[in-house]
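Numbering (our numbering), first residue to last: 2 to 702.
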C-alpha cells in the first residue's frame, strides 16, 4: 500500500515538474520575444531617417510596456510629444499620430488604476486637440458621423476656452465634412461662422481657404453669381500672401463663372492664369480642372483648334492620374504580399527555434515536449495552410487586375491611334487651306511691280493666318492694305480669304480707289455675306454668325502723279516717318506726332474706332489726306506685334516700344528693317507661345 502511494506521488511529482518546466520555457520564450522586439524597435529608432519612422517606433515601444509597466509607457509617450513637433496642422499623418499618443496615454493611466489622474493630466485645450485629431482621423477613414461627433466635442471645449483660432478651425472642418455629404445649407452656416472668426483674428491664409470653401459650396447650390464674389476675395488674399493653391482654384472657378455668363474671352483669360499657377505648384488635379473648363470655353467661342488641344491635354492628364493610381494599387498589393512572405519566414524560424529547444530538454519532459511539438506543428500547419490560401487568392486577384490593366492599355492604344489619324487628317486639311491662302495673297511679282522699296513681315500664329495684306496698282493709284480678321488659324483663314476676295472685287474690278469708300463697300459685303444682324436675341444667335465677326484694317491710296496720300482705318492706325522736318497739321487731320533726339518725326494717323463689320453705332469711315515727300516711309500693321507677350517679365511689347523700334531703324534698307523686326519679336517672345498673327508692311516713298 505504501509502495503504491510512493509510486503515485512520484508519478504526480514528475508530471507537475514537467508542466512547471514547460511553463517556465514558454514564459522565457515570450519574454525573449518581447525583449527581441524592444531591441529591434530601439535599433529602428537609432537609425530612423525620418520623423514619421521615429514616432511610429516610439509609439510601438510604449505599447510594449503598456500592460507590464504603465509608468514607462507614460514617460515614453510624453518624451515623444516633447521630442517631435506634432502640431503640424497641414500634415494629417502627424495629426493621426498625435491622436494615437493621447489615446494610448489614457489607456496607460487606466491600466495604472488612476482614472481621475487620466482626466486631470489633460488640460482642456489638449483634450480639445485630442478630440479634433480623432475627428480628423475618422474623416480620413470616411467615418463622417463619428468625425462630426468628435469635432463638435472639440468645438465645445474651444468655445469654453474662448480660443477663436481653433474654434474657427473646428467650424471649418465640420463645414467641409457636411459639404462632402452634400448638406450644403448646413455647411454654409459653419463656413460663415468660421470666416467671421478668422477675420477677427486676421488669419489671411485661413480666410482665403474659408472663402474658397464657401464659393465652392455656393457653386454646388447653383448660386454662381454669389460664389463669384467669394472667389474674387479669395483670389485677392491668396495673391497677396502667395497662396498659389487657393489662387489657382479661385481663378479657375472665376473662369467657369464667365463661361456660364457667355463671356468666353474673360473665362479663357482667368482659366489660363489659373492653369499657369497650377503648373507652377505642379497641382495635377487643378491643371485637369482648368483644361476641362478651357475646352468648354474654346468650344463655345468656336475656336475648335484650341478646344481640341485642351481636350488632348485634359485626356493626357487624366491618363497620368489614372496611371499613378494604378501604380499605387499595384505597389500596395506587392507590399502586402512581401509582408505576408516575411511573416511566414519569421514564423518558420520561430518554429525551428522551438524545435531545437525542445530537443535540449531532459528525458523526463520528453512526452510533454513531444505533445507540445505536435500541437505547435498542427497550429503552424493551419497557419501555413491559411497563408497559402490567402496567397493563392491574392495571386488570383492580381492576375485578374493584370488582365483588366492590359485591356485598358489596349483600349487607350486604340484611342490614341484614332486620335493620331484624326490629327493627321486635320493637319492635312489645314496645310491645304494654307496653300489656298498663299495662292490668293498678292504675288511677289505683282508687289514688286507696284512698289520699289518695301518689306512684308508675315508671321501666322498657326499654319493659316487671320491676317492678310493687299497691294494693287490701278492706273495712277497705288493701293496697299493690311487687315486683321476675327480669330486666327482656320476660322481666321476663312475670314482673310473673304476679305481678300472683297478687296479684289472692290479695287481691281470696280476700280474704287477712295479709301473710305473701299471700307464702306467692304463692310456692306461682310454684313451681307455673313448675314449679320443688329439685334442680339436667342433666335438670332442660334441662326446667324457672331455679330463681332469682321476685321480691323489699314488702307492707303497714293496718287503717284501728285504724291497725295489718302488713309482710312478701322481700329488700326498708320505710321509715317520723316527726317528733318516740321509737321504742320492739316485741317481735319487726326494725328499724333512723335520725335526722337535724331530729329526723326513719326506721325500716327488715327483710325475710326469701329471694325469692318456690323457695329452698335455705324457711320461712314473717315478719310485723311496727306502730301508725301521723297524718303517718307509708311508702316501698315496688325496688332499681333505690339500685343505679343515676352521679355523678362512676360509682358506685352506695346505700341510705345514698337514706335521706338521703327524710329530706330528708319534709315536702314527695307529688307534689313524686316530682319530686325523679325529678330526683335522672336527674341522678345523667347519660350512663350505666339498669341496672334503678326503682319507688318513697310513702304518707302
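Ideal Cβ placement from N, Cα and C applies to all residues, glycine included. Bear in mind that the values here come from a model prediction, so they are computed numbers and not experimental data.
Asked	Found
Close-in-space but distant-in-sequence residues of the same chain around residue 546 (CB under 8 Å, 5 per side omitted)	Because the pLDDT of residue 546 is 44, which lies under 50, any placement of that residue in the model is unreliable, and the number read from its coordinates should be weighed accordingly. Excluding sequence neighbours, residue 546 sits near 531, 532, 533.
Beta strand (DSSP E) segment containing residue 615, residue limits	Per DSSP, residue 615 belongs to no beta strand (DSSP E) and is neither H nor E.
Selection from 398, 255, 458, 229 that minimises the alpha carbon distance to residue 680	458
Close-in-space but distant-in-sequence residues of the same chain around residue 370 (CB under 6 Å, 5 per side omitted)	359, 362
Per DSSP, the bridge partner or partners of residue 593	605
Rounded C-alpha distance that separates residue 640 from residue 619	22 Å
Inter-residue CB distance, residue 167 and residue 129 (contact presumed, cutoff 8 Å)	7 Å
Identified DSSP bridge partners for residue 555	483, 570
Inter-stretch contact (C-beta, 8 Å, three-pair minimum) for the stretch 244 to 262 and the stretch 203 to 216	yes
Span separating the alpha-carbon of residue 686 from that of residue 150	57 Å
Beta-carbon proximity list for residue 216, same chain, < 7 Å, skipping 5 on both sides	228, 231, 232, 235, 254
Beta-bridge pairing of residue 575 - partner residues as DSSP gives them	606
Nonlocal neighbours in the same chain, by C-beta distance under 8 Å from residue 240, ignoring five residues either side	248
Beta-carbon proximity of residue 647 to residue 609, cut-off 8 Å	no
Burial state of residue 494, where buried means 16 or more other Cβ atoms lie within 10 Å	buried
Delimiting residues of the alpha helix (DSSP H) encompassing residue 158	145 to 161
Segments assigned alpha helix (DSSP H), at least 4 residues, entirely inside the stretch 211 to 268	225 to 242, 245 to 261
Identity of the residues DSSP links to residue 652 by a beta bridge	647
Proximity of residue 188 and residue 179 at Cβ, strictly below 8 Å	yes
Between the CA atoms of residue 554 and residue 515 - distance to the nearest angstrom	15 Å
Residue 497 burial status per 10 Å Cβ neighbour count (16 or more: buried)	buried
Length of the line joining the Cα atoms of residue 90 and residue 192	At residue 90, the pLDDT of 47 sits below 50, so the modelled position is not reliable; the number obtained from the coordinates is stated separately. Rounded to the nearest angstrom, the two C-alpha atoms are 18 Å apart.
Distance CB(residue 642)-CB(residue 682) smaller than 8 Å	yes
Cβ neighbour criterion (16 or more within 10 Å) applied to residue 386	exposed
Start and end residues, alpha helix (DSSP H) containing residue 682	671 to 686
Three-way DSSP call (helix, strand, coil) for residue 522 in this model	helix
8 Å contact criterion, which residue 463 and residue 301 should meet: CB distance rounded	At roughly 20 Å, the Cβ-Cβ gap does not stay under 8 Å, so residue 463 and residue 301 are not in contact.
Residue 108 versus 126, 257, 472, 63, residue with shortest Cα-Cα distance	63
Beta-carbon gap between residue 221 and residue 170 smaller than 8 Å	no
In chain order, each alpha helix (DSSP H) run of at least 4 residues that lies wholly inside the stretch 455 to 519	490 to 504
Three-pair Cβ contact test at 8 Å for the stretch 443 to 456 versus the stretch 376 to 391	no
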